[in-house]
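Worksheet: the structure to be examined is printed underneath.
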Amino acid sequence: MKRLPLTREQVQSVDQRAIQEYGMLGLVLMENAGRGAAEVIQRSASSGCIIVLCGKGNNGGDGYVIARHLDLMGRDVRVISVVPTDALSGDAAANANIALRADLDVHVVENQAEIEQLVGDADVIVDCLLGTGATGPLRGLYADAVRIANRTQATRIAIDVPTGIDVDTGTADLHTFNADLTITFVAEKIGFGLQQASQFLGQIELVSIGVPRKLLRQHGV
Ligand SMILES: NC(=O)C1=CN([C@@H]2O[C@H](COP(=O)(O)OP(=O)(O)OC[C@H]3O[C@@H](n4cnc5c(N)ncnc54)[C@H](OP(=O)(O)O)[C@@H]3O)[C@@H](O)[C@H]2O)[C@@H](O)CC1
Ligand SMILES: [K+]
Numbered sequence: 001m002k003r004l005p006l007t008r009e010q011v012q013s014v015d016q017r018a019i020q021e022y023g024m025l026g027l028v029l030m031e032n033a034g035r036g037a038a039e040v041i042q043r044s045a046s047s048g049c050i051i052v053l054c055g056k057g058n059n060g061g062d063g064y065v066i067a068r069h070l071d072l073m074g075r076d077v078r079v080i081s082v083v084p085t086d087a088l089s090g091d092a093a094a095n096a097n098i099a100l101r102a103d104l105d106v107h108v109v110e111n112q113a114e115i116e117q118l119v120g121d122a123d124v125i126v127d128c129l130l131g132t133g134a135t136g137p138l139r140g141l142y143a144d145a146v147r148i149a150n151r152t153q154a155t156r157i158a159i160d161v162p163t164g165i166d167v168d169t170g171t172a173d174l175h176t177f178n179a180d181l182t183i184t185f186v187a188e189k190i191g192f193g194l195q196q197a198s199q200f201l202g203q204i205e206l207v208s209i210g211v212p213r214k215l216l217r218q219h220g221v
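At position 103 of the sequence shown the residue is numbered 103 (the UniProt record's numbering), and the sequence of numbers has no breaks.
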């Protein structure tokens, strides 16, 4: 069944209603999202060194879950955070802390030279920089990380939305993550079908975060 695409407001409403009306925990939704994405990554890019680029919000939080599951699958995984991990909050902070306590290979970068060095000759780059909470042009190290990732020969995988794409209008930032594969949660975003977005998405894979079918139906999904 083809699911209808959602706006930013609709997708945020699905998450919020799952938490507030159905009593699902945000951490569980993030675990479902990250684990589902890790399984798709393992299937689509089954060998080589994986870099996970993480930002400040819940998209970054997904990145720490993805890294933990890929590590459990025996993959060589390195996380690069473009913000200090103590700037994270809520579920994203919880998953960053799990990764740190578990001695996953997490690096906080302060400049573009550090990103270049750590990305090195990665085989796979996973974009967990920004998701549905992104607004305006990419700032600071977010833009640098995207620019550096796009210059590599690695397979590029975007989580939920390629960083730089506006999920509602489909417009692409000057620096937009150029994905070979976009793993998106709940449903495609309305901007995916519009304007410049399509050239940055690559193949699209949908991953369920476990919210009940009744709630999805209420949003036309
Ligand atoms: N329970 C749920 O909801 C679930 C959500 N899930 C996941 O969460 C994602 C949405 O998470 P989110 O809302 O935290 O937004 P997200 O894009 O990660 O970060 C926004 C932050 O980044 C910053 N920032 C914004 N624009 C910027 C720019 N141009 N350039 C630089 N920085 C910028 C800004 O911080 P500021 O710098 O303003 O302090 C802002 O606070 C969603 O896509 C999905 O992947 C799944 O886990 C399933 C459960
Ligand atoms: K992303």
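Each residue gets a CB set at the ideal place from its N, CA and C atoms; glycine is no exception.
Proximity test, residue i beta-carbon vs ligand 3 heavy atom, cut-off 7 Å
i: Pro162; result: In the structure shown, ligand 3 is absent; the only ligands present are ligand 1 and ligand 2.
Residues bridged to residue i [DSSP beta-bridge criterion]
i: Val207; result: Phe185
i: Ala92; result: Ala92 is not bridged to any residue.
i: Leu6; result: Lys189
i: Ala172; result: Ile165
Opening and closing residue of the alpha helix (DSSP H) in which residue i lies
i: His107; result: Run containing His107: none in the alpha helix (DSSP H); it sits in the beta strand (DSSP E), Asp105 to Val108.
i: Ala158; result: Run containing Ala158: none in the alpha helix (DSSP H); it sits in the beta strand (DSSP E), Thr155 to Ile159.
i: Ile125; result: Not the alpha helix (DSSP H): Ile125 falls in the beta strand (DSSP E), residues Val124 to Cys128.
i: Arg75; result: Run containing Arg75: none; DSSP gives neither H nor E here.
i: Ile165; result: First-last for Ile165: undefined, no H or E at that position.
i: Ala149; result: Gly140 to Arg151
i: Asn32; result: Gly26 to Ser44
i: Val119; result: Gln112 to Val119
i: Leu215; result: Arg213 to Gln218
i: Gln199; result: Ser198 to Leu201
Among the options, the one whose alpha carbon lies nearest that of residue i
i: His69; options: Gln218, Ile115 and Asn32; result: Asn32
i: Val52; options: Arg101, Ala38 and Gly164; result: Ala38
i: Arg43; options: Glu205, Leu201, Gly60 and Tyr22; result: Glu205
i: Asp168; options: Asp144, Leu194, Val146 and Arg151; result: Leu194
Beta carbon proximity, residue i to chain C, threshold 8 Å
i: Ala197; result: Absent from the structure is chain C; it holds one protein chain and no more.
N-terminal and C-terminal residue of the beta strand (DSSP E) that residue i is part of
i: Val52; result: Ile50 to Cys54
Next on the checklist: Check whether the segment 174–182 and the segment 149–157 touch, using three or more Cβ-Cβ pairs below 8 Å as the test.
Outcome noted: Because the criterion of three Cβ pairs below 8 Å is met, the segment 174–182 and the segment 149–157 touch.
Next on the checklist: I want to know whether the segment 115–135 touches the segment 35–48 - three or more CB-CB distances under 8 Å.
Outcome noted: Touching, per the Cβ criterion.
Item to check | Any 3 or more C-beta pairs closer than 8 Å across the segment 166–177 and the segment 124–136 | outcome: Judged by Cβ distances under 8 Å, the segment 166–177 makes contact with the segment 124–136, as three or more pairs qualify.
Next on the checklist: I want to know whether the segment 98–110 touches the segment 14–31 - three or more CB-CB distances under 8 Å.
Outcome noted: Result no; under three Cβ-Cβ pairs closer than 8 Å.
Checklist entry - Is there contact here, the segment 56–68 with the segment 94–101, by at least three beta-carbon pairs under 8 Å? => result Two segments are said to touch when three or more pairs of C-beta atoms, one from each, lie closer than 8 Å; by this definition the segment 56–68 touches the segment 94–101.
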